[in-house]
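To start, the structure itself, in C-alpha cells.
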Amino acid sequence: TITEVYDYLRLLYARVGTPRCPDHGTPLAAQTVSQMVDATLALDAEHRYMLLAPVIRERKGEHVQVFEQLRAQGLVRARVNGEVLELDETPKLALRIKHTIEAVIDRFRPREDLQQRLAESFETALRLGDGLALVVDMDDASASPQLFSSRYSCPVCDYALPELEPRLFSFNAPMGACPSCDGLGVNQYFDPARVVTHPELSLAAGAIRGWDRRNHYYYQLIASLAQHYGFDLDMAWNALPDTVREVVLNGSGKEQISFTYITESGSRSQRKHRFEGIVPNIERRYRETDSPAVREELAKFISNRPCPDCHGQRLNRSARNVFIGESNLPTLTALPIDAANRFFSELKLDGWRGEIASRIVKEIHERLRFLVDVGLDYLTLDRQADSLSGGEAQRIRLASQIGAGLVGVMYVLDEPSIGLHQRDNERLLGTLTRLRDLGNTVIVVEHDEDAIRHADHVVDIGPGAGVHGGEVVAQGKLDDIIACPRSITGQYFSGQRSITIPQRRPPSDAWLRLSGVQGNNLKNVELSIPVGLFTCITGVSGSGKSTLINDTLHPLAATALNGASTQQAAPYRAIEGLEQFDKVVDIDQAPIGRTPRSNPATYTGLFTPLRELFAQVPEARARGYTAGRFSFNVKGGRCEACQGDGL
12 TITEVYDYLR LLYARVGTPR CPDHGTPLAA QTVSQMVDAT LALDAEHRYM LLAPVIRERK
72 GEHVQVFEQL RAQGLVRARV NGEVLELDET PKLALRIKHT IEAVIDRFRP REDLQQRLAE
132 SFETALRLGD GLALVVDMDD ASASPQLFSS RYSCPVCDYA LPELEPRLFS FNAPMGACPS
192 CDGLGVNQYF DPARVVTHPE LSLAAGAIRG WDRRNHYYYQ LIASLAQHYG FDLDMAWNAL
252 PDTVREVVLN GSGKEQISFT YITESGSRSQ RKHRFEGIVP NIERRYRETD SPAVREELAK
312 FISNRPCPDC HGQRLNRSAR NVFIGESNLP TLTALPIDAA NRFFSELKLD GWRGEIASRI
372 VKEIHERLRF LVDVGLDYLT LDRQADSLSG GEAQRIRLAS QIGAGLVGVM YVLDEPSIGL
432 HQRDNERLLG TLTRLRDLGN TVIVVEHDED AIRHADHVVD IGPGAGVHGG EVVAQGKLDD
492 IIACPRSITG QYFSGQRSIT IPQRRPPSDA WLRLSGVQGN NLKNVELSIP VGLFTCITGV
552 SGSGKSTLIN DTLHPLAATA LNGASTQQAA PYRAIEGLEQ FDKVVDIDQA PIGRTPRSNP
612 ATYTGLFTPL RELFAQVPEA RARGYTAGRF SFNVKGGRCE ACQGDGL
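Its first residue numbered 12, the sequence shown is counted upward by one per residue in the numbering used here.
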C-alpha cells in the first residue's frame, strides 16, 4: 500500500480478473444481451432451441403463485423438473420435494433476422430469471444447455457476485474487508499464556498477577474455588490438573460455588454463585472501564491470532475468489517481491484482457523493479509495515518517491543511513543519486563517510556541539572540507584523526545460548553469546537481527530476570545461561520519561538531589519548603498557568 502497488493490483483484478464460485470453483462470467444474442445466433441453424428463464431452482413447495404470475405475464409454457408443460395444465407439485421451474420465453431456429426478437426475449428471460437465461437444444437431448448470465453467478448454486470494482479488493473498505476481522486479518483475544505470567509459581505465590495473596478480594475467590474443587493453592500452576486450570481461567459454567467473603472488619459472609473466570473477568473489565490507564494495563494481556474465516488474508470470500491465472490477490501479495516481479514478467493475457492489463501491469512492474533496486526483493508485498526494520521502511518510502516520477522536488532526509548495513547503504545512496538524476534536489543530514563522499556539495556545521557549534565551518566539495583546518569532519577524512580500535578481552568460559529460533525469516537459528564481552550482532537489513535479539532474546530475558509479564518471545526451542545475569536493560530509541514534562534530569534521577539541595537553603527552610515544592509535577511548586508544562 505504501508504494501504491496494491492500488494497481486492485484495479487489475477488478478489470481482468476471473471470479469463481467459492464452493464449486466454477468460473463466473457476466455477459451483455448483445453478447448472448451473438452466441445464440452462432448455434446450429438446423436445430430448434428454447430460451428458458430459471424461475425456481431446487426449492421445495407447490409454487402455485409462481405459475399464476407466469400466466399473468402472458407466458404459455414452462419446463417443470425437465418436462415442458402448458401453464394451463400444470400438475399440483409435491410440497416437500425440491422442484425446478423454468419459464419458456421463446422457441426458435437461429436466423440473422431474429436479432431484435432474441434481444427482447433475452431481456424478458433475464428479468424473470434474476439475471440468468438458458438456451436448450430441442432436437438433441444429449446436448448440454447453454447458460447465460448478466451478472457474475454460479450455474450450479445461487452464489452471485456484484460487479467487479477496485473497492471489492480493499481490506479498508466494507465492500472488500473480511466481515469477521474487519480486514485486519487477525482477531484479538485475551491470551491465557499472557494472563498466567509465572506458570512455575503457585496461585498463592503469584502465578497470575493480581489474583495472589497480595490482592485480598480476588484471592478469596480463588481460595473458595480451591476448597470447592479440592486443589492446593500452593501447588505450581504447571502441576495443577487441566480441569482446574480450565475453571480458574474460563469459569465454572453453570455450576454454583459457595464463596466466602471476609470484610475489612473481619466479618464473614457466604454467597453461592457461578465463578466468572479470570479471562472473562479481564475481558469484562476491559470492555466496561472508562479509565485509559486500566484499559492500557489490561491490553497487555491481548494477543492476535489469524482470522478463522479469511485465514489472515484480510479480504472477504468474494474478493478471495477472483483469479488471474491460478493466483488470487492474497496469494500474489504473499509472494516475495522478486517472485511477484517474475509473475508479471511472464503474465500473458489474451484479447481484450491483455489490452486492458498492459498499462496496469507496466505500472506494477516499474514499482516492483524500484523495490528490487533498493534491495527489498526478499520482502513480501503483504508484510505489515510495523514489522519492517527502519532501513526497510525508509527504502520503501524512497522507492515510492522514485515510482511517483516527480521532478523539481526538494527531498530532505535526516540520517537515512542510520542502522543500515554497508551493502544496504550502497543501495540507499544509489537510490538518492537516482532521485537527483530525475531532476530533484536531495538534502541529507548525515555524517556517514560514504554519503559525504557521494555528495555533490557538502556543508560542515560546527566546529563543536552546543555552544561550541552553530557555524558553517566549511562548504563545497569534499576537498574543500578537508582543506579547512577548523573542520573536525575534514580532519577525520584527511587521516589527522582516527578511531582507535580498543584492546580486546580474552574469550569467556561462560556462554548464553539460544537455540531453535524461528521468528519471521529466522531458520532454526542457534545463537551463542560470550558472557562479559562486547558482542556485535550484524547483517544486512532484514536479515533477522531485530527478530533474534529484540523479539526473542530480550523478551525471554525480561520475563525471567525482570519479572516482565506481558512480553512474548518469537518461537524458540531452548535458552541456557540466563542464571548468570541479574537483570536485563533494553536501551532503545523510545522517548524518555512517562510525561511530556520529563527531561534528562528527571529521567536520570539527577533532579531528585537538586530538589533536595534547594530545599536545604536557608530561605526555603524559613518558608517550610520541602523537596516536593521544587517539582513541576505537583501543585505548589509548578507554575499553575501552564500546569508545569512551560508553555
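Just so you know, even glycine gets a beta-carbon here, dropped at the ideal spot from N, CA and C.
| query | result |
| --- | --- |
| Assumed close pair A218, H227 - CB separation to whole angstroms, cut-off 8 Å | Contact flag wrong, Cβ pair sits at about 17 Å. |
| Coil, strand or helix - Y583 by DSSP | coil |
| Among L326, Q231 and P102, nearest to C192 - alpha-carbon criterion | L326 |
| Segment contact flag, the stretch 419-429 with the stretch 442-456, C-beta cutoff 8 Å, min 3 pairs | yes |
| 8 Å Cβ shell around G401 - same chain, five flanking residues per side excluded | I429 and G430 |
| Residue from P291, G616 and R21 with nearest C-alpha to L175 | R21 |
| Residues of its chain near I548, where Cβ-Cβ distance is below 6 Å and the 5 sequence neighbours each way are ignored | K556 and I560 |
| Presumed contact (8 Å Cβ cut-off) between L392 and V372, rounded CB distance | Not confirmed; about 15 Å, so no contact. |
| Separation of H376 from G487, as counted between CA atoms | 39 Å |
| Assigned secondary structure, G527 (DSSP; H/G/I helix, E/B strand, else coil) | strand |
| The alpha helix (DSSP H) enclosing D435, as first and last residue numbers | Q433 to D448 |
| Start-to-end residues for the alpha helix (DSSP H) that takes in E299 | I289 to E299 |
| Closest residue to R59 among V147, Q654 and I492 (Cα-Cα distance) | V147 |
| Residue(s) in a DSSP beta bridge with A568 | Paired residue(s): none; A568 is not in a bridge. |
| Same chain, Cβ closer than 7 Å to P156, neighbours up to 5 away in sequence not counted | L145, V146 and V147 |
| Residue interval of the alpha helix (DSSP H) (run including V95) | Run containing V95: none in the alpha helix (DSSP H); it sits in the beta strand (DSSP E), E94 to E97. |
| Contacts around V91, its chain only, beta-carbon distance under 6 Å, and the 5 residues preceding and following it disregarded | I112 |
| Backbone secondary structure at I335 - three-state DSSP | strand |
| Beta carbon of S505 nearer than 8 Å to that of D471 | no |
| Proximity of F180 and A330 at Cβ, strictly below 8 Å | yes |
| Rounded separation between A40 and Q46 - CA only | 12 Å |
| Cβ-heavy atom distance, L143 to the ligand FMN, below 7 Å | With respect to the ligand FMN, the structure shown offers nothing to examine, as it has no ligands at all. |
| Stretch pair the stretch 94-106 + the stretch 124-139: three plus CB contacts closer than 8 Å | no |
| V44 in three-state terms, based on DSSP | helix |
| Coarse secondary structure for L22, derived from DSSP in three states | helix |
| V551 beta carbon less than 8 Å from that of L538 | no |
| Between the CA atoms of Q76 and V333 - distance to the nearest angstrom | 37 Å |
| DSSP-derived helix/strand/coil call for D55 | coil |
| Best match in R118, L62 and I313 for proximity to Y200 [C-alpha to C-alpha] | I313 |
| Residues bridged to T271 [DSSP beta-bridge criterion] | Q281 |
| Through-space distance from Q42 to E57, alpha-carbon basis | 25 Å |
| Alpha-carbon to alpha-carbon, H284 and G264 | 10 Å |
| Rounded separation between Q281 and E275 - CA only | 15 Å |
| For W522: DSSP bridge partner residues | P541 |
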